[in-house]
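Below: one structure, written as structure tokens.
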Amino acid sequence: MSIIRGFLPALLSILLLGLSPASAGRKLKSSDCSAVKDSFLPGKPAIASTILSTPQHDAGLELCTFTNHTENKRPSCCSHNSEKELLLSAPLEYKEILHQHTNEVINQLGPEENLRNHFTRMMSISKRMTEYEIGKTLNLHHIDGRNIFTDFFSALENILLSHNTSVSIFKATDTLLDRLFVYVIREATTPGSRDEPTVAYTDCVQKHRRSITPTPFPEQALRQATSVHYSAIASSYLAVAMDLTFKTLNYTRDFLPMEACMRDLVKLNHCQKCYGYADMRPCRYFCEDVFLVCMHSLVWLDTSWEFHMKITKILSEYILKRVNLHTLLNDYHIELKSSVEKAILDYPKYKTKLAQYCGDPAVETIRSRSHGKAWTKPLTTSYEGDFSGDLQKLVVNLELKAQGFYANLHTSICANEPTIGTNCWDGLTERENKKKDDFGFPRSILKIPRPVTRSERYRRVNRENSGRSLENFSQIRQARFR
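Those letters in the sequence shown? Residues 1122 to 1603, per the working numbering, in order.
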């Protein structure tokens, strides 16, 4: 009977704490304390200097304590000063962890200036090709050719880079066609001429263009401009959405939780070292609990984040499949040149009305320029950047990497911790890693329950009170929503 009485307390302590007999009787040596000190070097010399040379039973610990109902404090290599230094270093450790995982998502989504660089390069090449093709077709001078296209590409730049969506590319293209019409007439009447129409004749043609002929240019030029306009607006919204995405990620990665979280972080990563478990990793369930509570504010952000990611993905797919800016800008000068050439061929159709409104254009030419720089073809005739490929990668990464980022952040951080079947640190001692529900005792840290939304409460009230009289329903509903 005396043997049984002596054996039962030891057995009970093993069952309650989930300890193996070997770990329950673990004894620290001075060499263990040396290993603990070495584990903090060279990165954290301030903490290493506070580690005891020999283990002590009464080290004045408040955070990394090891007690239960049947056992006194165990000897520890850490001192009270060690706990202070560990708490001071905990915020930096937390920020490093958050930065690492946030930067992974930022890098997968692409550089912050990626879209802007695509837009700038595509506009530059499209502008040079448009100036070259139309300038050569209508024998425009370099100065005039560049000035004519200024409004159109300024409007495009305002939408894409300045996000001013009130600007109309359709209207800018209509103004561009007004300016080109007088040069179309010159080319139709005197092909190859470099004479400049008078200001009065130019103003007259532009004023009466729609009276002379409603559609001197085929509709494909305006249709192409309309497509470019919608693509530019969608691309601008995507750029704004991505800018907000990066700002959110950059802002939240510097988020610091309350002090209690810092204490849990020390228990998670360092308290095991004080008892000789220098190389032991924390149990995954314990790690996930700590970071879930530490990041509960970020977890609550996930609903808004998911909606934002969904809208960004829809915009990306719309641009990729319906209004690809790369394709539209590459084809813009082709469509415009085709419209100009068609307008030259159609000159006999509106020649009579033109003479009626503005007279003979051959008589009204002045200021001949005997010299002019020849138009040279740009070295780069089309945008060679992989805009579509980058958009496709963005769509994939938005779905696989960014969606659920904040909701699953605690599991991502703890993904490398030991899995089931290996020994790990549970905040108290070494134990065999098991599933969350296999321990049979309350968890040291509890998950914060997801808040019940007003719509869920409303559905619950309707479900619980279905069939009750209308007189009682109002009172029950008011009581439920208090």
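For each residue, glycine too, the CB sits at the ideal point set by N, CA and C. Quick caveat, the model's predicted, so the values are computed rather than measured.
- Task: Starting from residue 1197, follow its DSSP beta bridges and name the residues at the other end.
- Result: Residue 1197 pairs with 1177.
- Query: How many angstroms separate the CA atom of residue 1549 from the CA atom of residue 1393?
  - Reply: Whole-angstrom Cα-Cα distance: 8 Å.
- Item | Paired residues, beta bridge with residue 1403 - DSSP | DSSP output for residue 1403 lists 1546 as bridge partner(s).
- Query: Who are the near neighbours of residue 1303 in its chain, counting only those whose CB is closer than 6 Å to its CB and skipping five residues on each side?
  - Reply: For residue 1303, the CB contacts under 6 Å within the same chain, skipping 5 residues up- and downstream, are 1318, 1323, 1326 in chain order.
- Query: Who are residue 1232's beta bridge partners in DSSP?
  - Reply: Under the DSSP definition of a beta bridge, residue 1232 lacks any partner.
- Determine the extent of the alpha helix (DSSP H) in which residue 1331 is found, giving its start and end residues. 1330 to 1333 is the span of the alpha helix (DSSP H), which, as asked, contains residue 1331.
- Among residues of its own chain, excluding the 5 on either side of residue 1538, which ones have a beta-carbon nearer than 8 Å to its beta-carbon? These residues qualify, in order along the chain: 1402, 1403, 1404, 1405, 1408, 1545.
- Message: What does the Cβ neighbour count give for residue 1331, buried or exposed, with the cut at 16 atoms within 10 Å?
- Response: Exposed: under 16 other Cβ atoms inside 10 Å.
- Task: Would you list, in sequence order, the uninterrupted alpha helix (DSSP H) runs of no fewer than 4 residues that lie entirely inside the region 1414 to 1498?
- Result: If one requires a minimum length of 4 residues, the alpha helix (DSSP H) runs lying completely within the region 1414 to 1498 are 1417 to 1421, 1423 to 1442, 1446 to 1466, 1468 to 1479, in chain order.
- Message: Here's the rule I'm using: 16 or more other beta-carbon atoms within 10 Å means buried, otherwise exposed. How should residue 1239 be labelled?
- Response: Buried, because 16 or more other Cβ atoms sit within 10 Å of the Cβ of residue 1239.
- Query: Do the CB positions of residue 1357 and residue 1281 come within less than 8 Å of each other?
  - Reply: By the CB criterion at 8 Å, residue 1357 and residue 1281 fall inside the cutoff.
- How would you call residue 1511, buried or exposed, if buried means at least 16 neighbouring beta carbons within 10 angstroms? Buried.
- Presumed contact (8 Å Cβ cut-off) between residue 1504 and residue 1417, rounded CB distance: Not a contact, Cβ separation roughly 46 Å.
- Taking C-beta to C-beta, are residue 1531 and residue 1254 nearer than 8 Å? Result no, Cβ atoms of residue 1531 and residue 1254 do not sit closer than 8 Å.
- Message: Quick check on residue 1288: does DSSP put it in helix, strand or coil?
- Response: Three-state DSSP puts residue 1288 in coil, outside helix and strand.
- Pick out whichever of 1259, 1214, 1524, 1500 has its Cα sitting closest to the Cα of residue 1387. For the options 1259, 1214, 1524, 1500, the alpha carbon positioned closest to that of residue 1387 is the one of 1214.
- Message: Quick check: what's the CA-CA separation for residue 1547 versus residue 1439?
- Response: A direct Cα-Cα distance of roughly 48 Å separates residue 1547 from residue 1439.
- Query: residue 1604 and residue 1457: beta carbons closer than 8 Å?
  - Reply: Lying before the first or after the last residue shown, residue 1604 is absent from the chain, which here runs from 1122 to 1603.
- Query: How would you call residue 1372, buried or exposed, if buried means at least 16 neighbouring beta carbons within 10 angstroms?
  - Reply: By the Cβ neighbour-count rule, residue 1372 is exposed, with fewer than 16 other Cβ atoms within 10 Å of its own.
- Query: Under the three-state reduction of DSSP, which class applies to residue 1205: helix, strand or coil?
  - Reply: Here residue 1205 sits in helix by DSSP.
- Query: Would you report the Cα separation of residue 1301 and residue 1312, rounded to the nearest angstrom?
  - Reply: Approximately 15 Å, taken between the alpha carbons.
- Task: Can you give me the start and stop residues for the alpha helix (DSSP H) that residue 1534 sits inside?
- Result: 1530 to 1534 is the span of the alpha helix (DSSP H), which, as asked, contains residue 1534.
- Query: Would you call the region 1336 to 1354 and the region 1289 to 1297 touching, i.e. three or more CB-CB distances under 8 Å?
  - Reply: Counting Cβ pairs under 8 Å, three or more are found: they touch.
- Item | Among 1351, 1425, 1424, 1366, nearest to residue 1443 - alpha-carbon criterion | Looking from the CA of residue 1443, the closest CA among 1351, 1425, 1424, 1366 belongs to 1351.
- Which same chain residues, not among the five before or five after residue 1222, have their C-beta less than 7 Å away from its C-beta? Listed in chain order, the non-local C-beta contacts of residue 1222 below 7 Å within the same chain comprise 1530, 1533, 1534, local neighbours out to five positions each way being set aside.
- Secondary structure, alpha helix (DSSP H): runs of 4+ residues fully inside the region 1349 to 1404: Counting whole runs of 4 or more residues, the region 1349 to 1404 contains the alpha helix (DSSP H) stretches 1380 to 1390, 1392 to 1395.
- What's the gap between the Cα of residue 1336 and the Cα of residue 1441? Here the alpha carbon of residue 1336 sits roughly 32 Å from the alpha carbon of residue 1441.
- Query: Where residue 1428 and residue 1380 are concerned, what is the direct C-alpha to C-alpha distance, given to the nearest angstrom?
  - Reply: So the two alpha carbons sit approximately 31 Å from each other.
- Query: With C-beta atoms as the reference, is residue 1437 less than 8 Å away from residue 1365?
  - Reply: Taking 8 Å as the cut-off, the beta carbon of residue 1437 is found no closer than this to the beta carbon of residue 1365.
- Query: Does DSSP put residue 1256 in a helix, a strand or coil?
  - Reply: Helix at residue 1256.
- Is there contact here, the region 1230 to 1250 with the region 1272 to 1287, by at least three beta-carbon pairs under 8 Å? Taking one beta carbon from each stretch, the region 1230 to 1250 and the region 1272 to 1287 have 3 or more pairs nearer than 8 Å; the two touch.
- C-alpha distance - residue 1199 paired with residue 1536, whole-angstrom precision: Going by the C-alpha atoms only, they are around 28 Å apart.
- Going by Cα to Cα distance, which pick from 1173, 1164, 1167 is closest to residue 1396? When 1173, 1164, 1167 are compared, the shortest CA-CA separation from residue 1396 is found for 1173.
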